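> First residue of the sequence shown? That's 1425 in this note's numbering, and the numbers climb one at a time after it.
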Amino acid sequence: MEPTTKSVNELRAWNALAAHYQNIRELHLRKLFADDPTRGQRLTVEAAGLFLDYSKNRITDETLKLLVQLADESGLRERIDAMFRGDKINVTENRAVLHVALRAPKGASIVVDGQNVVPEVHAVLDKMADFSNRVRSGAWKGYTGKRIRNVINVGIGGSDLGPVMAYEALKHYSERAMTFRFVSNVDGTDFAEAVYGLEPAETLFIISSKTFTTLETMTNARTAREWSLGGLGGDEKAVAKHFVAVSTNASEVEKFGIDTSNMFEFWDWVGGRYSMDSAIGLSTMIAIGPDNFRAMLDGFHQMDEHFRTTPFDRNLPVLMGLLAVWYNDFFGAATVAVLPYEQYLKRFPAYLQQLTMESNGKHVALEGNKVSCDTGPVYWGEPGTNGQHSFYQLIHQGTRLIPCDFIAFYQTLNPLGRHHDILLANVFAQAEALAFGKTAEQVKAESTPGWLVPHRVFEGNRPSNTILAERLTPETLGKLVALYEHSVFTQGTIWNIDSFDQWGVELGKQLAQRIIPELESKEKPALNHDSSTNNLIRQYRQFKETL
Ligand code: G6Q
1425 MEPTTKSVNE LRAWNALAAH YQNIRELHLR KLFADDPTRG QRLTVEAAGL
1475 FLDYSKNRIT DETLKLLVQL ADESGLRERI DAMFRGDKIN VTENRAVLHV
1525 ALRAPKGASI VVDGQNVVPE VHAVLDKMAD FSNRVRSGAW KGYTGKRIRN
1575 VINVGIGGSD LGPVMAYEAL KHYSERAMTF RFVSNVDGTD FAEAVYGLEP
1625 AETLFIISSK TFTTLETMTN ARTAREWSLG GLGGDEKAVA KHFVAVSTNA
1675 SEVEKFGIDT SNMFEFWDWV GGRYSMDSAI GLSTMIAIGP DNFRAMLDGF
1725 HQMDEHFRTT PFDRNLPVLM GLLAVWYNDF FGAATVAVLP YEQYLKRFPA
1775 YLQQLTMESN GKHVALEGNK VSCDTGPVYW GEPGTNGQHS FYQLIHQGTR
1825 LIPCDFIAFY QTLNPLGRHH DILLANVFAQ AEALAFGKTA EQVKAESTPG
1875 WLVPHRVFEG NRPSNTILAE RLTPETLGKL VALYEHSVFT QGTIWNIDSF
1925 DQWGVELGKQ LAQRIIPELE SKEKPALNHD SSTNNLIRQY RQFKETL
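(1) Got a sec, what are the start and stop residues for the beta strand (DSSP E) Ser1632 sits in?
(2) In whole angstroms, give me the CA-to-CA distance for Asn1904 and Gly1473.
(3) Tell me, to the nearest whole angstrom, how far the beta carbon of Gly1696 is from that of Gly1582; I am working on the premise that it is less than 8 angstroms.
(4) Give every residue of the same chain whose Cβ lies closer than 8 angstroms to the Cβ of Gly1907, excluding the five residues on either side of it in the sequence, and list them in chain order.
(5) Please state if the CB of Leu1790 and the CB of Leu1494 are separated by a distance shorter than 8 angstroms.
(6) How should Ile1940 be labelled, buried or exposed, when 16 other C-beta atoms within 10 angstroms of its C-beta is the threshold for buried?
(7) Scan the stretch 1830 to 1881 and note each continuous alpha helix (DSSP H) run of 4 residues or more that stays entirely inside, going in chain order.
(8) Decide if Tyr1620 is buried, meaning its Cβ has at least 16 other Cβ atoms within 10 Å, or exposed.
(9) Starting from Asp1614, trace the alpha helix (DSSP H) both ways and give me its first and last residue.
(10) Quick check on Asn1481: does DSSP put it in helix, strand or coil?
(11) Assign Arg1771 to one of three DSSP states: helix, strand, or coil.
(12) Quick one: residues in its chain with C-beta nearer than 8 angstroms to the C-beta of Glu1626, no 5 flanking neighbours on either side, listed in chain order?
(13) Following a CB-centred definition, is Glu1930 positioned closer than 7 angstroms to any heavy atom of the ligand G6Q?
(14) What did DSSP end up calling Met1425 once you bin it into helix, strand or coil?
(15) Using CA coordinates, which residue listed in His1910, Met1709, Ile1630, Leu1935 is at the minimum distance from Arg1649?
(16) Out of Val1668, Ala1761, Asp1829, state which residue places its alpha-carbon closest to the alpha-carbon of Ala1703.
(17) Can you determine whether any heavy atom of the ligand G6Q sits closer than 7 angstroms to the C-beta of Ser1583, and answer yes or no?
(18) In three-state terms, what does DSSP make of Asn1609?
(19) Taking all protein chains shown into account, do 16 or more other C-beta atoms lie within 10 angstroms of the C-beta of Lys1794, making it buried, or fewer, making it exposed?
(20) Quick check on the DSSP output: the alpha helix (DSSP H) that includes Trp1919 runs from which residue to which?
(21) Answer with buried or exposed for Arg1436, where buried requires no fewer than 16 other C-beta atoms within 10 angstroms of its C-beta.
(22) When the distance is taken between beta carbons, is Gly1805 closer than 8 angstroms to Pro1975?
(23) Does the distance from the CB of Val1521 to the CB of Trp1691 come in under 8 angstroms?
(24) Would you call the stretch 1449 to 1467 in contact with the stretch 1727 to 1738, where contact means no fewer than 3 C-beta pairs closer than 8 angstroms?
(25) Beta carbon of Leu1500, beta carbon of Thr1914: below 8 angstroms?
(26) State buried or exposed for Trp1927, treating a residue as buried only when at least 16 other CB atoms are found within 10 Å of its CB.
(27) So, using beta-carbon positions, are Thr1799 and Trp1919 closer together than 8 angstroms?
(28) May I ask whether a heavy atom of the ligand G6Q can be found less than 7 angstroms away from the beta carbon of Arg1646?
(29) Can you tell me whether Glu1782 sits near the ligand G6Q, meaning its C-beta is under 7 angstroms from at least one heavy atom of the ligand?
(30) Starting from the N-terminal side, write out each stretch of the alpha helix (DSSP H) that is 4 residues or longer and does not extend beyond the stretch 1501 to 1570.
(31) Bridge partners of Leu1476, per DSSP?
(32) Helix, strand or coil for Ile1940 per DSSP?
(33) If I measure Cβ to Cβ from Ile1513 and keep anything under 6 angstroms in the same chain, skipping five residues before and after, which residues do I get?
(34) Locate the alpha helix (DSSP H) running through Leu1763, then write down its first and last residues.
(35) Please look up how many angstroms separate the CB atoms of His1725 and Ala1528, rounded, as I've assumed it's under 8 angstroms.
(36) Please tell me whether, using a cut-off of 7 angstroms, the distance from the CB of Ile1580 to the nearest non-hydrogen atom of the ligand G6Q is below it.
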């Protein structure tokens, strides 16, 4: 099928879905399951070791057929091919989108501007591996000859969230003799707490910034240099032993004073929020070692291949992306909850927030016209079972529909008595309760007083996906992240938006640059903002004068 430039609500499948929605909007999951005793096995798919149960979604076979048609009519096949081929599908920045090249095996060929980028990717990986091994073994010494025991990644957004999430997710595999910390916020507290109790002589900073110009990162990097040199006697030569950079911008790295032989490169075709598997993952590699890092890349690659080659009706990321569109645009569900039943994945929802919302939080289609439907839902979540004791109430009995992704593992990395069975019982129970609820009859049958019955009824019909995998390994983490990356891609393709730019973050940055001198100037500045902003600036200046 030819890709289309039609707006999404002009597509045949979209209109068929709108009509179909009217027919099935009231259809209850209780009925769908009662009518088809095999539904719980039938609506499942396993790929690359991830098992997806999507049976507890408010869909019929007809819904699925129409959603797959929507993917076809939206040109998803062509878009996938274009991405993997290295076409410049990030049109507003005129860039290829090739995070898939970061995990391509050595012999693969992916050509950007006439050049196969895969050998460069592997050259950087080898350089990272060599460096990581030297730091881990103690062969890399600090300026005073002491070995490095602490690694601090300084970066923000895509240069922070992936490394933080991956470190937490893979802590089980990490070098426990070393300390890993992360500084992102320009709030000095972040830096102060990150270095608290650490020895400069044993501390290595990784300055991670694609552009090497980001205000927060460069501010933190300069503070780090002062802290480091301050503790090492002030000799500039110490910088080479305690600072490395991950960037695309060699000249800025050099200006900062980092030896470019200690720079780990990546490329403009790697988007920030798609970069945890590039050199931005250097802290991850030092923590878990090169072999584990390569296993993670292999997991990513397995999911890439599944996404690239599998028919849409059995394609995990495509199915998840289509279901997200179904709820977002037809049920009007504004959010998706991601609920990992795995403590190590505690930062996974925060990571996904950037991946999903920076990618698909767009109101303009590729051609520049305003989109005709809602785009990117809000992604949020917390690990289970903690969430059950806070916000799940709203998911079960509130007035809003919140589709949930439950994530769990058959095997725990920390077997302790009955913990894991109890954990898994909870995840299964939550999905069951959301789908099937509890009727007034059931509540009455428990001798509940009449006035209390409505409060104790669970309507049910609240949809969820359940994703299961054997164990949280580096490889599994790679698969999970790639699953969501490609689900985001699928959604963005349906909405016909550029999932790879982020112009929405620019205005605030520019305004902050204008306000900084207004806060710092000795002279009272002439303020030309709105009356609220002017007043806030004056309030702050007045307070500063009292110090
Ligand atoms: C992600 C964004 C953004 C970026 C940060 C940091 O896709 O582009 O979050 O990662 O703004 O940018 P630098 O790596 O250039 O410092």
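We put the CB at the ideal spot given by N, CA and C, even for glycine.
Values in this document were obtained by computation on a predicted structure and should not be read as measured data.
Concretely, from the data shown:
(1) 1627 to 1632
(2) The residue asked about is misnamed: residue 1904 is Leu in this sequence, not Asn. The alpha-carbon atoms of Leu1904 and Gly1473 are separated by roughly 10 angstroms.
(3) 2 angstroms
(4) One point to set straight first is that residue 1907 is Leu, not Gly, in the sequence displayed. If we look at Leu1907 and ignore the five residues flanking it on each side, its Cβ neighbours are Leu1474, Met1727, Leu1740, Pro1741, Met1744, Ile1891.
(5) no
(6) exposed
(7) 1843 to 1860, 1864 to 1868, 1877 to 1880
(8) exposed
(9) 1612 to 1619
(10) coil
(11) coil
(12) Gly1566, Lys1570, Arg1571, Ile1572, Arg1573, Asn1574
(13) no
(14) Residue confidence is low: Met1425 scores 45 on pLDDT, short of 50, so the model does not pin down where it sits. No coordinate-derived value is stated.
(15) Ile1630
(16) Val1668
(17) yes
(18) coil
(19) exposed
(20) 1898 to 1919
(21) exposed
(22) The requested residue 1975 does not occur in the structure, where the chain is confined to residues 1425 to 1971.
(23) no
(24) no
(25) yes
(26) exposed
(27) yes
(28) no
(29) yes
(30) 1542 to 1561
(31) Val1469, Ile1891
(32) helix
(33) Ala1506, Met1507, Val1521
(34) Careful: Leu1763 lies outside any alpha helix (DSSP H), inside the beta strand (DSSP E) at 1759 to 1764.
(35) 7 angstroms
(36) yes
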